[in-house]
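The letter at position 283 of the sequence shown is residue 801 when you use my numbering, and the numbering goes up by one with no holes.
The beta-carbon is built from N, C-alpha and C at its ideal position, and this holds for glycine as well.
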Amino acid sequence: MSSTWHILGAGSLGSLWACRLARAGKAVRLIVRDQQRLRGYQQAGGLTLIENEQPRHYAIPAETAPAHGPIHRLLVACKAYDAAPAIASVAPRLAEGAEVLLLQNGMGSQDEAAELVPHARCVFVSSTEGAFREGDWQVRFAGHGFNWLGDPRNPTIPAWFDDLHEAGIPAEWTVDILTRLWRKLALNCAINPLTVLYDCQNGGLLGHLDEVEALCAELAGLLRRCGQPEAAHGLNEEVQRVILATAANYSSMYQDVRAGRRTEVHYLLGHACRAAARHGLQLPQLEHLLQRLVENLRLRGLPCD
Ligand code: NAD
Ligand code: KPL
């Protein structure tokens, strides 16, 4: 089986993974959105990764979705709302037994993606690494973190897993990937929307800890109802630790809103509220938070889903 890493979405995290894998001598191919983007990429001659103020250039080959050739391993590095259409665009190229890694934050997009490619193995990733684009094809590695990978349907560790260590990508295989994703979703629900509503850094929420605590109590109840008691354990304490540790940072949702970008609310707070409704659980604080956030996004002229 081919060992090429096809990377769908050459944005912040996709470029970060692509450069590290290429630097370790792994075969990597980028899949960019369309011919125009491909021409732009070819003019730039590759990706630039800035790490510790050192820019390094990587001439990684690129193509568009309709290119020929089977795909055996696909890293989907689009935003959650783009993941399903992006996968659909390459689905005809996925080989028998292909493996698809889903890097999206939040929950819901992984299931949308998996439904489109029932014959592929889908590996879910929960990442706390940080990267952002400084320009076209130029990405800054902004925050060291960690990657948890797992497959809720198959606990076996994939044969390619060592590629990650060889590439210096900090990662561990877990049989509890859903617990990791739920926990991160809950942290994001308790912090990110409030930073948008109060127009503040994460540390600004120290002035709203009662509200944060009430949200954590509802989120913990939801996690338990969804069969995730471990993800609920000590949630409020961890949220407060994260607020303190990242007090000077702006949350990812705040940054999206500030930059006029669509947020991933549908796969974060939206997912939590839909899960609660499915379980017949009334979570008034969380529902009110979603209403306030949607109204805020609407007033800014941003998509509400
Ligand atoms: P990004 O917007 O920087 O990159 C996404 C890329 O996907 C863009 O280049 C976009 O053009 C491309 N894309 C979209 N549809 C496509 C298609 N059909 N075909 C080809 N390319 C397509 O996003 P990001 O910041 O890298 O985030 C990706 C995911 O990772 C998100 O779910 C995000 O929440 C999560 N995440 C990001 C970070 C981070 O630091 N950037 C950290 C943790 C998790
Ligand atoms: O992951 C985050 C984000 O900004 O998306 C933190 C720092 C945990 C805040 O929710």
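Query, Result
"Would you call the CB atoms of serine 645 and isoleucine 695 closer than 8 Å?", "no"
"Just the Cα atoms here: how many angstroms apart are valine 693 and glutamine 800?", "30 Å"
"What are the residues that DSSP puts in a beta bridge with asparagine 665?", "Ser645 and Ala689"
"If distances are taken between C-alpha atoms only, which option among Leu567, Ala732, Ala585 and Ser521 comes closest to valine 618?", "Ser521"
"Taking the CB atoms as reference points, tell me whether alanine 542 and alanine 685 lie closer together than 8 Å.", "yes"
"Who are the near neighbours of asparagine 767 in its chain, counting only those whose CB is closer than 7 Å to its CB and skipping five residues on each side?", "Gln719 and Asn720"
"From the DSSP output, in three-state form, read off alanine 660 for me.", "strand"
"Is it buried or exposed, glutamate 614, if we count other Cβ atoms within 10 angstroms and call 16 or more buried?", "exposed"
"First and last residue of the beta strand (DSSP E) that includes threonine 781?", "Element bounds for threonine 781: n/a, residue is neither H nor E."
"Rounded to whole angstroms, what's the CA-CA distance from tyrosine 599 to asparagine 570? Just pull it up for me.", "31 Å"
"Let me know the secondary structure DSSP gives histidine 726 once reduced to three states.", "helix"
"Assign proline 715 to one of three DSSP states: helix, strand, or coil.", "According to the sequence provided, residue 715 is leucine. The question's proline does not apply to it. The answer is helix: DSSP assigns leucine 715 an H, G or I state."
"Quick check on the burial criterion: 16 or more other C-beta atoms within 10 angstroms. Buried or exposed for asparagine 672?", "exposed"
"Verify the contact flag: leucine 820, CB atom, against every heavy atom of the ligand NAD, threshold strictly below 7 Å.", "no"
"Assuming glycine 558 is part of the alpha helix (DSSP H), what are its boundary residues?", "553 to 562"
"Can you tell me whether asparagine 623 sits near the ligand NAD, meaning its C-beta is under 7 Å from at least one heavy atom of the ligand?", "yes"
"Which of the three DSSP states, helix, strand or coil, is assigned to leucine 548?", "strand"
"Considering only their Cβ atoms, is the gap separating cysteine 596 from leucine 526 smaller than 8 Å?", "yes"
"DSSP state of tyrosine 768, grouped into three classes?", "coil"
"Do leucine 539 and aspartate 681 have their C-beta atoms closer together than 8 Å?", "yes"
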